[in-house]
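Notes follow once the structure below has been shown.
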Ligand SMILES: Nc1ncnc2c1ncn2[C@@H]1O[C@H](COP(=O)(O)OP(=O)(O)O)[C@@H](O)[C@H]1O
Ligand SMILES: [Mg+2]
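Numbering (the working numbering), first residue to last: 5 to 254.
Below you can see the structure in the form of C-alpha cells.
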C-alpha cells in the first residue's frame, strides 16, 4: 500500500513547489516508486516537474461522455475509463504523473466519482509513495475521490491571514471526513518573522518551515523544472531535514 502525502493550503502558498520538491527528494533517495497526482485543474505540477502533461482524467471523462457510442466492442465503460486513465499516466525517469483536471461536460458526477474512487484506490496500491497536489478548496477531497492520506500537510505563509486560512482548511478536511493519520502545518517562505505563539494559537501541529529561496523564484520565472535546482539549494536542505516527519514514517 502506498504512503500518501496530500498537500493543501490557499493559492500561492507553495503547494505545487513543495509537491515537486518532495518528488525530487524521494526520487533521488530511491525510496521507492512514486506517483505524483496533480489534483488542481488550475495548476501546473507537470511544468514544475518538467513533464509534458498527458490527458487529464477530466478530459478523458468528457470525451467518453460526449461520444458514449465509441466504446470499444466488448469493453464496459468503467473498464474503458480505467484503460484510458492508465494510458494518461506520464511515466518519467523515477516517477509517474497523473493529472486529474476537471470534467466540464454534463456527465453524471456520481458515476464519475465512483469510477474515480475505485481507480485511485487501485492506483495507490501500485506505488510506494503518492504525492497529491490539491487545489485550495479541497474539491477532490469533498468529492471523496481521494478519501485518506497518511500525511496531510497544510502549507501557509507566516501572516495572520495565512495562518487563519490554514486553520480553516484543516477544519474543512475534518468536516469532509477526510481521514489522515498525521497532519502538520508547514510555513513556507519563512523569514524569521513568525512568533511561536502565533503558531501555537492555530492548534495545528507544526512541522517546520522552509526558507524563501530566490533560486525557486528564478526557476519559476525562467520556466525551468525543479530538477534544475542545485543539489545544495537551501530549500532542498531544509526539506531534507523535515523528511523524517513527512515521508520517513512509512
Ligand atoms: N520557498 C519559496 N521561495 C521562493 N519562491 C517560492 C517558494 N515557494 C513557492 N515559491 C513561488 O511562489 C509561487 C507560488 O507557488 P506555488 O507552489 O505555485 O503555490 P500553490 O501551488 O500553493 O498555488 C511560484 O512562483 C513559486 O515558484
Ligand atoms: Mg499549485
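Yeah, the Cβ is synthetic: ideal placement off N, Cα and C, and Gly gets one too.
Less than 8 Å between the CB atoms is what I'm expecting for residue 49 and residue 20, so what's the real figure, rounded? 5 Å
Could you work out which residue in 151, 85, 69 and 167 is closest to residue 178 when comparing CA atoms only? 151
Count the other CB atoms within 10 Å of the CB of residue 130; is the residue buried (16 or more) or exposed (fewer)? exposed
Distance, residue 28 Cα to residue 10 Cα: 16 Å
Contact between the stretch 34-44 and the stretch 152-167 (3+ Cβ pairs under 8 Å): no
Within the present structure, is the beta-carbon of residue 135 separated from the nearest heavy atom of ligand 1 by less than 6 Å? no
Count the other CB atoms, across all protein chains shown, that sit within 10 Å of the CB of residue 209; report buried if there are 16 or more and exposed otherwise. exposed
CA nearest to the CA of residue 234, picked from 5, 25, 142 and 43: 25
Please determine whether the Cβ atom of residue 266 lies at a distance below 6 Å from any heavy atom of ligand 2. The shown model of the chain, from 5 to 254, leaves out residue 266, and the question about it has no answer.
Taking all protein chains shown into account, decide if residue 107 is buried (16 or more other Cβ within 10 angstroms of its Cβ) or exposed. buried
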